[in-house]
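Here is the structure we will look at, set down as structure tokens.
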Amino acid sequence: ARSPDGEPIATLMLITSAGRVVELLGASTPEGLRGRANYLLKWEAIRTSRLRGHHSYDMWGVEGGRWAEFKAGFGGEEVAYIGPWELVTDPVGRAVWQAAHAVRSATLRLRSRTRRRTSG
Numbered sequence: 003a004r005s006p007d008g009e010p011i012a013t014l015m016l017i018t019s020a021g022r023v024v025e026l027l028g029a030s031t032p033e034g035l036r037g038r039a040n041y042l043l044k045w046e047a048i049r050t051s052r053l054r055g056h057h058s059y060d061m062w063g064v065e066g067g068r069w070a071e072f073k074a075g076f077g078g079e080e081v082a083y084i085g086p087w088e089l090v091t092d093p094v095g096r097a098v099w100q101a102a103h104a105v106r107s108a109t110l111r112l113r114s115r116t117r118r119r120t121s122g
């Protein structure tokens, strides 16, 4: 979606397969959020998908809270799938990645606590 002056304000990344459209990613700028460009963009994606003969549009999960309310506003039905599975082909690489992710998460938590103490 673009603003009246042509600037991008919202986007979606979609993939299609066997008559199904899956929404992988979506994003909005602050201007896009204020103008609810993501609503228009999703409705247009759903409409265009139907015109092209696709039978389903998957918004990629319902996590609860505001996202669940937002997605429920489009109608449709919630469908439960098995869930994602990981195929680990490099156990050492996986262990390194998990360790790096844990360090990053701990660093971000510590940084957040430090900011709260210094700003309060």
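Residues 3 to 122 in my numbering are what the sequence shown lists, from first letter to last. Just so it is clear, CB atoms sit at the ideal spot from N, CA and C, and this is done for glycine as well.
1. Per DSSP, which residues does Glu-25 bridge with? Please list them.
2. For the alpha helix (DSSP H) containing Ser-121, list its first residue and its last residue.
3. Going by other Cβ atoms of all chains shown within 10 Å of its Cβ, with 16 needed for buried, is Tyr-83 buried or exposed?
4. Am I right that Leu-16 and Glu-25 are in contact with their C-beta atoms under 8 angstroms? What's the rounded C-beta distance?
5. Please state whether the Cβ-Cβ distance between Val-64 and Lys-73 is less than 8 angstroms.
6. Do Ile-48 and Tyr-41 come within 8 angstroms of each other at the CB atom, strictly closer than that value?
Taking the geometry as given:
1. Leu-16
2. 93 to 121
3. Classification for Tyr-83: exposed.
4. 6 angstroms
5. yes
6. No.
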